[in-house]
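Residue numbers (the UniProt record's numbering): 1 to 452. Idealized CB from N, CA, C, for every residue including glycine. Nothing here was measured: the structure is a model prediction, and the numbers come from that model. Notes to accompany the following structure.
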Ligand SMILES: O=C(O)C1=C[C@@H](OP(=O)(O)O)[C@@H](O)[C@H](O)C1
Ligand SMILES: C=C(OP(=O)(O)O)C(=O)O
């Protein structure tokens, strides 16, 4: 196997990637299976990471025991459950499978003296600190090496402005509360999670919380709508009538029995496979209405040449064997960027992805990582300030690095459908949100029975 080369031709330094992420030098390579023909599959996705982690947190802060059914079981979701447990909630699992679980959650007063591992989960590192600010003692937070590089300043500054003591502006840090809540201003242009995190715990503060954003537009707004909708469903009064201002009244968070929707963002690589291979993929239980940003796949994949239909079994995406280039602003749905970029690398015309400058602060700098890995396979991807330009060029096999990023790994798998010899480094990183990915991918390609 040739040693991996960077886009500029230099070798990637051993043990550390170009984003400065420590890499497991022994991470095995996964031979991405090329499609032997058009895929025809039904792919059932486990629960949404974003809904699961919000539902668990709200259940842990609720006024009585509640249930979260069909919750995602994955690294990010397990870290959320562990964090809430360490802060005092009782979490009892049942109906467990490899990627799904029903949680019975019994809330208790938030307890200090805990230590929270956030892994690389944005939802844990941004949603749990405000919960810790309700505790009666200090709470310590740390995570993966790269988690220490992800932006935390705005939310930690907001907690400080509300009266908490926070000893750093990034991971690791210790929070000391409790605080009464109140009004706070921040710049959430780096991540919508800065706002969602403050809102989720806000009703439990004596004065509630009002969050005022000022700065460039907040990305991933559907995720804030998801937060507001789930709070309202739990009986919390939220006023979002003024642009960039969210007011949460103090009051109880009602216990509920919640069933989690399938993860539509994790549907992306599977639906992309229909487009790449000229096949057909059905995702069951695609919600009629949802705040999940992944629902935008319906429009995006249609623009790239797919037929997208709701059928009795779910959402069906059918490809015709060619992928069309796209000019797309993904500001609202930036977590779809890696899959759309992978499709763009296989398209018959140029593509432009705009509006996603903030994904340089996701699991890795996704703009640089995508350009580097597409170019490593012989492609022509150029970074722009706020996205990527990708021009068609025949690709060849090679190593596709994942940078500990689950969506980089699945992007490599999509390219590998059409390009023989693609080897994805560290496919296990997909466990962040989809621990069964390799098995599901093989099943979709027909190499074993797929579950429907
Ligand atoms: O609140 C959430 O569940 C998420 C918000 C978004 O974060 P950003 O606003 O940082 O893009 C999204 O990309 C992430 O995968 C999940
Ligand atoms: C950005 C993502 O994750 P996180 O919740 O860690 O921010 C993602 O899943 O694409």
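Three-way DSSP call (helix, strand, coil) for residue i in this model
i           : result
residue 293 : helix
residue 91  : strand
residue 157 : helix
residue 432 : helix
residue 373 : helix
residue 262 : strand
residue 401 : coil
residue 334 : helix
residue 354 : strand
residue 97  : coil
residue 256 : coil
residue 362 : coil
residue 322 : coil
residue 47  : strand
residue 21  : At residue 21, the pLDDT of 42 sits below 50, so the modelled position is not reliable; the number obtained from the coordinates is stated separately. Of the three classes helix, strand and coil, the one that applies to residue 21 here is coil, per DSSP.
residue 303 : helix
Own chain partners of residue i with C-beta closer than 7 Å, once the 5 adjacent residues on each side are dropped
i           : result
residue 284 : 42, 44, 313 and 314
residue 225 : 291
Continuous beta strand (DSSP E) stretch holding residue i: start and end
i           : result
residue 419 : No beta strand (DSSP E) holds residue 419; DSSP gives it neither H nor E.
residue 246 : 245-248
residue 280 : 280-283
residue 67  : 66-72
residue 391 : 387-391
residue 382 : 380-384
residue 329 : 327-329
residue 29  : 29-31
residue 36  : Taken as a continuous stretch (DSSP letters only), residue 36 belongs to no beta strand (DSSP E), as it is neither H nor E.
Nonlocal neighbours in the same chain, by C-beta distance under 6 Å from residue i, ignoring five residues either side
i           : result
residue 286 : 314 and 315
residue 434 : 266
residue 230 : 54
residue 38  : 277, 278 and 279
residue 282 : 42, 313, 314 and 316
Span of the alpha helix (DSSP H) around residue i
i           : result
residue 86  : 75-86
residue 227 : 221-233
residue 439 : 437-444
residue 275 : 268-277
Proximal residues to residue i (C-beta, below 8 Å), its chain only, five neighbours per side dropped
i          : result
residue 56 : 68, 71, 77, 80, 81, 84, 91, 103 and 105
residue 35 : 273, 276, 277, 279, 417, 418 and 445
* When the Cβ atoms of the segment 127-143 are set against those of the segment 177-188, are three or more pairs found closer than 8 Å? -> At 8 Å Cβ cutoff, the stretches touch.
* Those runs of the alpha helix (DSSP H) which lie wholly inside the segment 99-137 and span at least 4 residues -> Along the segment 99-137, the alpha helix (DSSP H) occurs as fully enclosed runs of 4 or more residues at 122-132, listed in sequence order.
* Evaluate contact between the segment 372-381 and the segment 295-313, counting only Cβ atoms and requiring at least three cross-stretch pairs below 8 Å. => Under the three-pair Cβ rule at 8 Å, the segment 372-381 does not count as touching the segment 295-313.
* Are the segment 396-404 and the segment 367-376 touching, with three or more C-beta to C-beta distances below 8 Å? -> Yes: at least three Cβ pairs fall under 8 Å.
* To do: Would you check if the segment 220-240 and the segment 265-274 touch, i.e. whether three or more CB-CB distances between them fall below 8 Å?
  => Not touching, per the Cβ criterion.
* Hey, which unbroken runs of the beta strand (DSSP E) at 3 residues or more fall wholly within the segment 176-217? -> Inside the segment 176-217, DSSP marks whole beta strand (DSSP E) runs of 3 or more residues at positions 182-186 and 209-213, from first to last along the chain.
* Given 8 Å as the limit, is there contact between the segment 243-256 and the segment 316-325, that is, 3 or more CB pairs closer than that? -> The segment 243-256 vs the segment 316-325: no contact.
* At least three beta-carbon pairs within less than 8 Å, the segment 248-256 to the segment 320-331 -> With a cut-off of 8 Å on Cβ pairs, the segment 248-256 is not in contact with the segment 320-331, counting fewer than three such pairs.
* the segment 382-393 touching the segment 406-426, judged by at least three CB pairs closer than 8 Å -> The segment 382-393 vs the segment 406-426: no contact.
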